[in-house]
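The numbering of the sequence shown is this note's numbering, which starts it at 221 and goes up by one. Data first, discussion second: the structure below is written as structure tokens.
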Amino acid sequence: MTDLQAVSPAIAPGHLFGVSLGPGDPGLITRRAWALLERSDAVWTYPVRSLRKESYALDIALRAGLALPAAHQPLLFPMTHDVEKLARHWLKAAQTVQALLAQGRDVLFLVEGDASTYASFCYLARVLRELDADANIDIVPGVTSFNAACARLQMPLSEQDDTIAIVPAAYGIAAVEKMLDDFDTLVLMKVKPLLDDLIDLLARRGLLAHSRFIEKAGSPVERIVHDVAELKGTKVNYLSLLLVKNPDRVRGDMLRGCRKKTSTEIEEEENQP
221 MTDLQAVSPA
231 IAPGHLFGVS
241 LGPGDPGLIT
251 RRAWALLERS
261 DAVWTYPVRS
271 LRKESYALDI
281 ALRAGLALPA
291 AHQPLLFPMT
301 HDVEKLARHW
311 LKAAQTVQAL
321 LAQGRDVLFL
331 VEGDASTYAS
341 FCYLARVLRE
351 LDADANIDIV
361 PGVTSFNAAC
371 ARLQMPLSEQ
381 DDTIAIVPAA
391 YGIAAVEKML
401 DDFDTLVLMK
411 VKPLLDDLID
421 LLARRGLLAH
431 SRFIEKAGSP
441 VERIVHDVAE
451 LKGTKVNYLS
461 LLLVKNPDRV
471 RGDMLRGCRK
481 KTSTEIEEEE
491 NQP
């Protein structure tokens, strides 16, 4: 056997898939996500806030009746505002995935909601790209928590020319109040830390009747509250949001068509027989 014949063939690197599972109802898992999750040769990874905590994303998959593969691993994404600590854990998670991809393994990262919307997968994919610009990364889109919430509430997210803002409530009360003047619909994510202040703001603006609260949309412990004021002084889950409609928002002028017609074009149209 020659030296050339003795060389082992190169291993083709695997793919990382951000697999969106929807917000909690297993019935909202897409067919594409389901097909990937049924593969026995792929490695499941999933985010946990602590190694002592269960993964909400993994729970969705297991409640769907999917079998946990032999190769699976939690990846730690701690809940902290410490930038250096976050960077360390994101790097460690990306290095773990990178090692699996180098072995030719396909890696599925399970994500509650949608993998491109306020998801831990965004950090994982970004850091992995920094480690390897040629990494194979795919995103399987899914149902967001606010889309599922609107469906459960039978409340349109937008109609006709409505404007929408999707924003973490952590931007603060002043920012939220300004957005109430600029948008017809506000989707306020992660409302837990500011809920009481938000309720006071909505009361002052006369918008409590146009607001709805939903927690863990689609899960077995889903909670919907129509009278948002009753939540004041209570504890809510991190996975909760407020949907706010502002029917009194003053709208500016809107352009119709591709662009605004010039005075010459208007005059020419008026002079046509």
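Note that beta-carbon positions come from the ideal geometry of N, C-alpha and C, so glycine has one too.
Verify whether the separation of the beta carbon atoms of residue i and residue j is less than 9 Å.
i	j	result
K410	L463	no
L236	A253	no
P246	G285	yes
P233	N367	no
L296	A314	no
R372	E442	yes
L377	V407	yes
P289	V263	yes
A321	V347	Note that residue 321 corresponds to Leu in the displayed sequence, not to Ala. Result no, Cβ atoms of L321 and V347 do not sit closer than 9 Å.
V396	F433	no
Using the C-alpha atoms, what's the distance from residue j back to residue i?
i	j	result
K452	M399	22 Å
V239	D302	27 Å
M375	E488	45 Å
P467	R424	15 Å
F341	Y276	14 Å
G333	D358	16 Å
T364	S336	9 Å
R283	K436	15 Å
P413	L422	16 Å
I419	A449	6 Å
Y338	I231	33 Å
L248	G362	8 Å
V470	Y391	23 Å
A291	E274	17 Å
A307	L415	28 Å
D326	D279	21 Å
H446	D402	24 Å
Q293	D261	14 Å
T300	S483	57 Å
I384	Y458	22 Å
G438	L351	36 Å
R259	G426	51 Å
Leaving aside the five residues before and after residue i along the sequence, list all residues of the same chain whose C-beta is less than 7 Å from its C-beta, in chain order.
i	result
D382	D404 and T405
L257	V239, A281, L286 and L328
G324	I231, A232, P233 and G234
Q225	Interpretation of Q225 is limited by its pLDDT of 49, a score under 50 that renders its predicted location unreliable; no figure is taken from the coordinates.
Consult DSSP for residue i and reduce its assignment to one of helix, strand or coil.
i	result
K312	helix
T222	Confidence at T222 is low in this model, with a pLDDT of 47, below 50, so the placement of that residue should be treated as unreliable; the coordinate-derived value is given next. In the structure shown, T222 sits in coil (DSSP, three-state: anything other than H, G, I, E or B).
L427	coil
M299	coil
S483	helix
Y391	helix
M375	coil
V456	coil
Q323	coil
Q318	helix
F237	strand
A385	strand
D358	strand
Identify, in the order they occur along the chain, each residue of the same chain with its Cβ nearer than 6 Å to the Cβ of residue i, setting aside the five sequence neighbours on each side.
i	result
H430	K465
A345	I357
I393	D417 and L421
For residue i, which residues from the same chain have a beta carbon less than 8 Å from its beta carbon, with the 5 sequence-adjacent residues on both sides left out?
i	result
V360	F237, G238, V239, S240, T250, R252, A253, L256 and A335
A353	none
Q492	none
L271	P294 and L296
Tell me, please, whether the CB atom of residue i is closer than 9 Å to any CB atom in chain C?
i	result
V441	No chain C is part of this structure, which consists of one protein chain only.
For residue i, is the beta carbon positioned less than 8 Å from some heavy atom of the ligand FAD?
i	result
A368	Questions concerning the ligand FAD fall outside what the structure shown contains, since it holds no ligand whatsoever.
Checklist entry - When the Cβ atoms of the segment 323-333 are set against those of the segment 263-271, are three or more pairs found closer than 8 Å? => result These segments touch.
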